[in-house]
Structure formats: C-alpha cells, structure tokens
Amino acid sequence: MFKNILRIDSTLTKDETTQQQLRKHKLLVEFIKTHCQERAYSFQIKKCNQPSCEVCYPIRMPIDVFQNLYFLPDPVPSRDNPDCYETFANLYGKFTTEKFCPSLINLNSKAELAPN
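Dropping the structure here:
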C-alpha cells in the first residue's frame with residue numbers, strides 16, 4: 010500500500026504518521042482534496058479521470074458507468090419519518106454532510122455548556 014502512496018508524493022516516509030507531518034506534503038494534501046472524502050466512519054478515494062493527473066491510472070470501465078459512481082452518502086433523516094433515515098437509493102449521487110451522523114449528534118447533545 011505504501012508503494013501506492015508514494016505515487017502521490019515520493020517524498021513521504023513511513024515514519025511520517027501524524028497530521029502535522031503529513032500536512033507538510035502539498036502533493037498529498039492536494040490529492041486528498043481532489044480525490045478523497047473523509048468522514049467519521051469512512052475514508053473514500055475515487056479516481057478522477059483527468060488526463061493531467063499523474064496518480065490515477067486510466068479508467069478501464071465504460072465511461073458512462075464511471076460517471077455514475079459517487080462517494081457513499083452520509084445518513085440523512087427521512088422527510089416522511091424523522092425517526093428513520095432516507096434510503097441509500099434516495100441519497101446516492103447527492104451531496105450530503107455529517108450533520109446527521111448519529112455519533113456526532115450524540116456528542117453534541119452530551120456536551121455541557123459552561124456556566125455563565
């Protein structure tokens with residue numbers, strides 16, 4: 010796996026493991042911005058299909074299939090029943106955020122406010 014990471018930035022070393030160290034690698038930071046989606050429970054990577062990209066190999070599947078591949082959606086409450094979540098089919102291909110992530114909601118609700 011590290012060999013593949015070196016395709017992104019050949020200056021990386023296995024000893025660099027902290028965010029502070031990795032943020033210094035501009036090629037890696039740019040790759041994450043353009044090819045990845047970070048969430049509380051997942052880290053997803055998607056090829057870009059840009060001819061100028063020096064990291065991604067060419068797409069080998071039909072281009073119409075590739076263009077219909079999206080990052081996995083975050084949980085979103087159902088409009089019809091707020092106690093349930095929207096189905097995957099209703100959310101796939103749409104932009105979502107972690108706003109309704111159950112564990113993040115629980116963290117926010119458990120946070121105590123400082124006394125005045």
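At position 106 of the sequence shown the residue is numbered 115 (our numbering), and the sequence of numbers has no breaks.
Even glycine gets a Cβ: it sits at the ideal position worked out from N, Cα and C.
Computed from a predicted model, the values in this text were never measured in an experiment.
Secondary-structure assignment with DSSP links P86 through a beta bridge to Y94.
Membership of F52 in the beta strand (DSSP E) is indicated by the continuous run F52 to I54. For K103, the closest of R88, Y79, P91 and D89 by C-alpha to C-alpha distance is Y79. Sequence-distant partners of F109 (beyond 5 residues in either direction) whose C-beta falls short of 6 Å from its own C-beta, in its chain, are P84, V85 and P86. C-alpha of P111 to C-alpha of R32: approximately 29 Å in a straight line.
Boundaries around Q46 are those of the beta strand (DSSP E), C45 to E47, since no alpha helix (DSSP H) includes it. Going by DSSP, I14 is part of the alpha helix (DSSP H) stretching over F11 to I17. A residue is called buried when at least 16 other Cβ atoms come within 10 angstroms of its Cβ; F40 meets this threshold and is buried.
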